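Enquirer: Here's a structure for you.
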Amino acid sequence: MRIFLIRHGETVDNVAQVYAGSRDSELTNHGFNQATYLARYLRDKGLSFTHLFASPLQRALKTAQLIRDGQAAPEDPHPAPKQPLAITSLSVLKEQDFGSQEGKPWRDRPNGSDKVGKQPYQETQKDDPESVDVESKESMAQRMDEFLDEHIAPLWQSASEPDEHIVAIVSHGIILSVLWRRILRRLPPYSISFDREITVERRSSSLENICGFSNTGYLELVMTAGESLARVPTESNDEKQPTNTNDAGESENSTSDLPQAPVRSPAADTEHVSTASSTTVPGAPKVLHGWVTKIKTINGQEHMKTLKRTRGGVGSSKHDEKQKTLDSFFKRRRTD
């Protein structure tokens with residue numbers, strides 16, 4: 088089973104550097120192109136998704152639609168009739184709700200505060216009876232557990248072949264990071280390995296914090312039902328943890344309730360790591376005993392290597408579905 092956690096393309100609120108959680112911010116022209124390039128890249132890798140989940144917010148839903156549409160091979164002039172892949176749009180996959188801070192610049196220092204980010208806004212609004220709080224980490228964790236229980240757990244239970252289920256989850260930066268940490272809680276100890284292409288710097292991060300998401304960046308997991316990896320001596324890692332970038336563009340340290348995952352010395356091609364303790368905790372999710380997981384890609388952006396932003400402010404403008412690309416003006420009419 089393969090799972091792709093994918094962040095949406097760039098939005099007008101990303102460019103404006105304002106908080107955009109529950110706001111239905113639209114893709115920019117550059118964000119549309121990012122999603123289009125990602126769709127082509129995934130198609131060219133030979134991926135054929137069996138399940139496609141998306142947040143209903145248009146920036147994520149449109150990205151998912153482009154990925155779905157990109158599954159068709161354009162070089163085939165007579166494709167066999169095929170039922171298009173349905174996109175399952177779920178409210179639980181929405182971004183963290185920033186409450187009264189929605190739409191406010193995240194670099195502002197309200198009322199002369201010397202701080203930026205959510206904290207100064209929360210301090211100035213705590214005595215305002217009409218202010219709406221930022222969604223809590225507990226609420227987001229509950230949402231992601233609900234999503235996993237209802238939509239992904241049945242796929243884990245039914246998977247009999249490695250590529251039987253190829254799942255794409257298109258959502259938002261913060262909530263995808265929460266989703267990864269909730270998946271991590273379900274994995275057995277010493278059942279995770281890194282692909283050899285992942286750098287040592289990436290491997291040195293604690294598992295909870297490996298996956299900050301750039302626009303259309305993705306985390307790729309290959310999960311297989313089999314024997315857990317043998318336990319080996321490990322070393323703790325006291326290095327400073329990396330930061331994740333959320334939908335507002337700010338950096339936010341993860342404060343997951345999981346302990347830091349130790350990392351063993353590298354093997355020839357992978358590095359096996361431990362997840363949290365397998366001790367049963369009341370209310371804890373069911374652990375996927377016997378499953379092994381390989382982290383294939385972290386914040387994948389290979390698809391954007393040749394993508395350039397259109398100059399003159401066009402790339403940062405809201406994408407208009409009605410506008411034509413230059414290519415469309417030069418396409419020849421079919422004469423047959």
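The sequence shown finishes on residue 423 if you use the numbering used here, and the numbering steps up by one all the way, no holes. Positions of the beta carbon are idealized from the N, C-alpha and C atoms, including for glycine. If you're wondering where the values come from, they're calculated on a predicted model, not measured in any experiment.
What are the residues that DSSP puts in a beta bridge with E307?
Expert: Partner(s): F91 and T384.
Enquirer: Going by beta carbon distance, what residues of the same chain come within less than 6 angstroms of K405, once the five residues before and after it are set aside?
Expert: If we look at K405 and ignore the five residues flanking it on each side, its Cβ neighbours are V99 and E113.
Enquirer: Please tell me whether I154 has its Cβ less than 8 angstroms away from any Cβ of chain D.
Expert: Given the protein chain composition of this structure (a single chain), no chain D is represented.
Enquirer: Please go through the same chain and pick out, in chain order, the residues whose beta-carbon is closer than 8 angstroms to the beta-carbon of P372, but skip the five residues on each side of it.
Expert: Around P372: D232, L235, D236, R269, R272 and R273.
Enquirer: Between which two residues does the alpha helix (DSSP H) harbouring V99 extend?
Expert: Unbroken alpha helix (DSSP H) run through V99: V99 to A103.
Enquirer: Could you spell out where the beta strand (DSSP E) holding T175 opens and where it closes?
Expert: Note, T175: beta strand (DSSP E), I174 to S176.
Enquirer: Quick one: using the 10 Å Cβ neighbour count with 16 as the cut-off for buried, is K409 buried or exposed?
Expert: Exposed.
Enquirer: Could you name the residues that DSSP lists as bridge partners for F140?
Expert: T175 and I256.
Enquirer: Is P275 buried or exposed, if buried means 16 or more other CB atoms sit within 10 Å of its CB?
Expert: So P275 ends up on the buried side.
Enquirer: Please report how far the alpha carbon of N120 lies from the alpha carbon of S403, in whole angstroms.
Expert: Distance between the alpha carbons of N120 and S403 is about 11 angstroms.
Enquirer: Using only the alpha-carbon positions, how far apart do L47 and L308 sit?
Expert: Since the first and last residues shown for the chain are 88 and 423, residue 47 lies out of range.
Enquirer: Along the chain, where does the alpha helix (DSSP H) that runs through F234 open and close?
Expert: Taken as a continuous stretch (DSSP letters only), the alpha helix (DSSP H) holding F234 covers K224 to F234.
Enquirer: For the alpha helix (DSSP H) containing I154, list its first residue and its last residue.
Expert: Q145 to D156 is the span of the alpha helix (DSSP H), which, as asked, contains I154.
Enquirer: Applying the criterion that 16 or more other CB atoms from any shown protein chain within 10 Å of the CB defines a buried residue, is Q388 buried or exposed?
Expert: Its Cβ being crowded by 16 or more others within 10 Å, Q388 is buried.
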